[in-house]
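Peer 1:
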Amino acid sequence: MLLLSVLLLMSQAKGAHLECGERLTFEGGPQYSRIIGGIEAEAGEFPWLVSIQAGNEHFCGGAIIDEWWIVTAAHCLSHDGLIPTDLSVVLGTNDLQSPSLEIKGVSSIVLHKDFNKLNMDNDIALLLLNSQITFSGLKEPICMPRQPSPSTWHRCWVAGWGQTKTGDKNSGKPDLIKVPMIIMDWEKCSKLFSKLTKNMLCAGYENESYDACQPSSKAFCQDTRALGKRK
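Okay, here's the thing in structure tokens:
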């Protein structure tokens, strides 16, 4: 079971103009991979997902929210001595070993002012890039939820480049992995997890064998109210 801050995926196409949540290059239809318990994401399936790196090593995921800003978890960036020039952001790819990666520098780190390291409350942060993103089919902004409404969210996925086996640092894969997940009842979950706060959602896997993308993954859900607007 994971405690995750869930970002909202809402596809609302209006003519030819690209809005948040658009996935123009993704054809749909999951392809199951050789990785036990995980599914390799297809090209363009999560065009807002980025790899946040230090020293050319991936350590956390993030999501594009506009041409300049990346949203991520505050715990990824709260280390003492970490400065913007230590970081880089890789975008527009599922394969971190691709010979033609697009890499952006970071000019500013903004942690939530009330982030609590002890219970991970308000675990959210922003990165300001040092150059603007040019959107394409492989680089699109995610939609942010207008208001908390997990009862309308479905088709949830955890996606990232993290470890695929608990405690095995050598199990990391260069390809983006996704795992289906479900949003669980907050009241029931809070009885099991005393550190759960009102700023958190409780999420878990339907299949207990899944064990992918642990420390650096991000969760994405689709809003049922947006389904009728898709083209």
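Residue numbers for the sequence shown, in mature numbering (1 follows the signal peptide of the UniProt record, and there is no 0): -15 to -1, 1 to 216.
Just so you know, even glycine gets a beta-carbon here, dropped at the ideal spot from N, CA and C.
Treat the numbers as computed from the prediction; the structure is a model and nothing was measured.
Taking 8 Å as the cut-off, does the segment 102 to 110 touch the segment 48 to 62 (at least 3 CB pairs, one atom from each stretch)?
Peer 2: Enough Cβ pairs lie closer than 8 Å, so yes.
Peer 1: Beta carbon of residue 78, beta carbon of residue 72: below 8 Å?
Peer 2: On the sequence shown, position 93 is the one that residue 78 refers to. On the sequence shown, position 87 is the one that residue 72 refers to. No.
Peer 1: Can you give the Cα-Cα distance for residue 177 and residue 186, rounded to whole angstroms?
Peer 2: Your numbering for residue 177 matches position 192 in the sequence shown. Your numbering for residue 186 matches position 201 in the sequence shown. Answer to the nearest angstrom: the Cα atoms are 13 Å apart.
Peer 1: State whether the segment 33 to 52 contacts the segment 121 to 130, with contact taken as three or more CB pairs (one from each stretch) at a distance under 8 Å.
Peer 2: With a cut-off of 8 Å, the segment 121 to 130 and the segment 33 to 52 count as touching, because enough Cβ pairs lie within range.
Peer 1: Tell me which same chain residues have a C-beta within less than 8 Å of the C-beta of residue 82, skipping the five on either side of it?
Peer 2: Here residue 82 is taken as the residue at index 97 of the sequence shown, counted from 1. Answer for residue 82: 159, listed in chain order.
Peer 1: If you draw a straight line from the alpha carbon of residue 183 to that of residue 120, how long is it in whole angstroms?
Peer 2: Within the sequence shown, residue 183 is the residue found at index 198, counting from 1. Within the sequence shown, residue 120 is the residue found at index 135, counting from 1. Taking the straight line from one Cα to the other gives about 34 Å.
Peer 1: Which residue marks the beginning of the alpha helix (DSSP H) containing residue 173, and which one marks its end?
Peer 2: The residue given as residue 173 occupies position 188 in the sequence shown. Unbroken alpha helix (DSSP H) run through residue 173: 171 to 177.
Peer 1: Secondary structure at residue 61, three-state DSSP: helix, strand or coil?
Peer 2: Walking along the sequence shown from the start, residue 61 turns up at place 76. Residue 61: helix per DSSP, three-state reduction.
Peer 1: Out of curiosity, what's the CA-to-CA distance linking residue 188 and residue 34?
Peer 2: Against the sequence shown, residue 188 aligns to sequence position 203. Against the sequence shown, residue 34 aligns to sequence position 49. Approximately 19 Å, taken between the alpha carbons.
Peer 1: Please report the straight-line C-alpha distance between residue 91 and residue 70, rounded to a whole angstrom.
Peer 2: Taking the first residue of the sequence shown as 1, we reach residue 91 at position 106. Taking the first residue of the sequence shown as 1, we reach residue 70 at position 85. So the alpha carbons of these two residues sit roughly 6 Å apart.
Peer 1: Looking at the structure shown, is residue 71 part of a helix, part of a strand, or coil, going by DSSP?
Peer 2: Taking the first residue of the sequence shown as position 1, residue 71 is located at position 86. Looking at residue 71 - three-state DSSP - the assignment turns out to be helix.
Peer 1: Thinking C-alpha only, which one of 62, 39, 80 is nearest residue 26?
Peer 2: Looking up residue 26 in the sequence shown gives position 41. Checking every option, the nearest Cα to that of residue 26 belongs to 80.
Peer 1: Expressed to the nearest angstrom, what Euclidean distance is found between the alpha-carbon atoms of residue 146 and residue 105?
Peer 2: Residue 146 sits at position 161 when you count from the first residue of the sequence shown. Residue 105 sits at position 120 when you count from the first residue of the sequence shown. Cα-Cα distance, rounded: 21 Å.
Peer 1: Taking the alpha-carbon of residue 32 as reference, which of 175, 167, 118 has the nearest alpha-carbon?
Peer 2: If you number the sequence shown from 1, residue 32 lands on position 47. If we check each option's Cα against that of residue 32, 118 comes out closest.
Peer 1: May I ask which residues mark the beginning and end of the beta strand (DSSP E) holding residue 97?
Peer 2: Here residue 97 refers to the residue found at position 112 of the sequence shown. Neither: residue 97 is in no beta strand (DSSP E) and is coded neither H nor E.
Peer 1: Pull up the CB-CB distance for residue 63 and residue 96, whole angstroms please, since I reckon it's below 8 Å.
Peer 2: As a position in the sequence shown, residue 63 is number 78, starting the count at 1. As a position in the sequence shown, residue 96 is number 111, starting the count at 1. Correct: roughly 6 Å between the Cβ atoms.
Peer 1: Comparing alpha-carbon positions, which option in 162, 67, 46 lies nearest residue 24?
Peer 2: Locating residue 24 in the sequence shown gives position 39, where the first residue counts as 1. The residue with the shortest Cα to Cα distance from residue 24 is 162.
Peer 1: Hey, how far is the Cα of residue 36 from the Cα of residue 46?
Peer 2: On the sequence shown, residue 36 is found 51 positions in, with the first residue counted as 1. On the sequence shown, residue 46 is found 61 positions in, with the first residue counted as 1. Residue 36 and residue 46: Cα-Cα distance of roughly 5 Å.
Peer 1: According to DSSP, which residues form a beta bridge with residue 54?
Peer 2: Taking the sequence shown and counting its residues from 1, the one referred to as residue 54 is at position 69. Answer by DSSP bridge pairing, in chain order: 113.
Peer 1: Going by DSSP, what residue range makes up the beta strand (DSSP E) through residue 188?
Peer 2: Residue 188 sits at position 203 when you count from the first residue of the sequence shown. Where residue 188 is concerned, the enclosing beta strand (DSSP E) stretches over 186 to 189.
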